Amino acid sequence: MTKDTFKIADKSLKSRLIVGTGKYKNFSETAKAVQASGADMVTVAVRRVNILDKKKPILTDYLNPKKIIFLPNTAGCFSSEEALRTLRLAREMGGWKLVKLEVLGDKKTLYPNMIETIKSTKILVKEGFKVMVYCTDDPLLAKKLEDNGASAIMPLASPIGSGLGLQNKINISLIIKQSKVPVIVDAGIGTASDATIAMELGCDGVLINSAIANSKKPILMAKAFKDAVISGRNSFLAGRMKMNNFASPSSPSSGLI
Amino acid sequence: MAKIQLNGKKIVIKSNYSILDLLKKYKLENKKIAIEHNGIIISKSNYKKKNLKNNDQVEIVHFIGGG
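Quick mapping for you: the protein sequence lines, in order, are chains A and B.
The opening residue of the first sequence carries number 0 in numbering that gives the first Met the number 0; numbering runs sequentially from there.
The opening residue of the second sequence carries number 0 in numbering that gives the first Met the number 0; numbering runs sequentially from there.
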């Protein structure tokens, strides 16, 4: 059997679970949850330094970018200009070329603005970035992103932070089947079994933040997601049995007493 | 003396103050940060050379938790 490897752009990853680092109670909890998740890649946001409080702890005091892959994102950006500005600053910070692009279009649903997203992808790819792109679950638009050089396609399961789980399995399956780059289900996963379902469809990975951070016990939930992703992947590789409308006995019917 | 805007806040600095001086003032010289000076990203090698003047706009950003 060939080894089941997972590669995005030029990075080889051991875990198919990528975790976000937002919404935790404090940085200590963030670090423990990341460790429990087994993820080797985390998403991070770019924001202004708090100049009024020099002693306030910062994320990099708790998560070492030399030990874990930081994936800078453009969360909160509503235009191509803002997103490009953010990622250019992120690249300056530590030479990161692998980034996550999200250009939002609506404050209530945080749905991606795909016109601005495609526009930004083109520019970033031209500038040498490796872009993982948050997108709607429309197979045509996903293909368009791939054609424009996206390094990974990241369709939403349901709106960001909603916890509604995988709402359109058919579309996600279509995207998985057509894509030559990794497909990572991003946003909306609510609990561990949602991640298993996504992995069973054959997606290459999942990105989870709220479902872990907003659970009652984030560190335990991080572990649950680790196991769920491994299970889902193994189940996909194993290939599920055929569904039948009628029963089929599990024990032999011959030799009955 | 020069008045600049740092991360959206007005501050007063000495004349001939460089970006490196500014970072030292906020104990940020060894942190993972990036700087934008009047809308242009400044590379680390230019922090010492780049002096700030009246009405300059400086943004210092870093990584925070995010999904």
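Using N, Cα and C, we set each Cβ at its ideal position, and we do this for glycine too.
Computed from a prediction, not measured in an experiment: that's the story for all the values here.
Annotation: the continuous alpha helix (DSSP H) that includes residue 177/A extends over 168 to 177. Nearest to residue 47/A by alpha-carbon distance, out of 31/B, 15/B, 0/B and 12/B, is 31/B.
One Cα belongs to residue 213/A, the other to residue 24/A, and the distance between them is close to 9 angstroms.
Residue 239/A counts as exposed, since fewer than 16 other C-beta atoms from the protein chains shown sit within 10 angstroms of its C-beta.
Within chain A, 47 have C-beta atoms less than 7 angstroms from the C-beta of residue 58/B, given in sequence order. Between residue 1/A and the set 256/A, 242/A, 236/A and 76/A, the nearest pair of CA atoms involves 236/A. Here the segment 187 to 202 of chain A makes contact with the segment 158 to 170 of chain A; the two share three or more CB pairs at distances below 8 angstroms. Two segments are said to touch when three or more pairs of C-beta atoms, one from each, lie closer than 8 angstroms; by this definition the segment 68 to 78 of chain A does not touch the segment 32 to 49 of chain B. Residue pairing by DSSP places residue 4/B opposite 9/B and 56/B in a beta bridge.
Inside the segment 44 to 82 of chain A, DSSP marks whole beta strand (DSSP E) runs of 3 or more residues at positions 68 to 71, from first to last along the chain.
Going by beta carbons, residue 154/A and residue 136/A fall inside the 7 angstroms limit. At a cut-off of 7 angstroms between beta-carbon atoms, residue 91/A makes contact with chain B. Within its own chain, the residues whose Cβ lies closer than 8 angstroms to the Cβ of residue 10/B, once the five positions on either side in sequence are excluded, are 2, 3 and 4, listed in chain order. The DSSP assignment places 16 to 19 as complete runs of the beta strand (DSSP E) inside the segment 15 to 42 of chain A, in order along the chain (cut-off: 3 residues).
Counting along the chain, the unbroken alpha helix (DSSP H) around residue 227/A starts and ends at 217 to 237. Against residue 31/B, the close residues of chain A are 59, 64, 92 and 93, in the order they occur along the chain (beta-carbon pairs closer than 8 angstroms). Assignment of alpha helix (DSSP H) within the segment 80 to 140 of chain A, counting only whole runs of 4 or more residues, yields 113 to 125 in chain order. In the DSSP assignment, residue 6/A falls within the unbroken beta strand (DSSP E) covering 5 to 7.
Taking each of 52/A, 181/A and 150/A in turn and checking the Cα distance to residue 129/A, the smallest one comes out for 150/A. Inclusion of residue 58/A and residue 60/B in the CB contact set at 7 angstroms is not warranted, their separation being larger than that value. Between the segment 14 to 22 of chain A and the segment 208 to 226 of chain A there are three or more C-beta pairs closer than 8 angstroms, enough to call the two in contact. If you draw a straight line from the Cα of residue 222/A to the Cα of residue 26/B, it is about 37 angstroms long. Two segments are said to touch when three or more pairs of C-beta atoms, one from each, lie closer than 8 angstroms; by this definition the segment 138 to 147 of chain A touches the segment 171 to 183 of chain A.
Buried is the label assigned to residue 138/A, since at least 16 other Cβ atoms lie within 10 Å of its Cβ. Per DSSP, residue 206/A is one residue of the beta strand (DSSP E) stretching across 204 to 207. Using a CB distance cut-off of 7 angstroms, residue 61/B counts as an interface residue toward chain A. Residue 40/A and residue 47/B have their C-alpha atoms some 33 angstroms from each other. In this structure, residue 35/A sits away from residue 61/A, with a CB-CB distance that is not shorter than 7 angstroms. By DSSP's assignment, residue 34/B forms a beta bridge with 41/B and 59/B. Residue environment analysis places residue 27/A among the exposed positions, since fewer than 16 neighbouring C-beta atoms fall within 10 angstroms of its C-beta.
Taking 7 angstroms as the CB threshold, residue 26/B lines the interface with chain A. The distance from the Cβ of residue 42/A to that of residue 99/A is about 6 angstroms, consistent with a contact at the 8 angstroms cut-off. In the three-state DSSP reduction, residue 241/A falls in the coil class, being neither helix nor strand.
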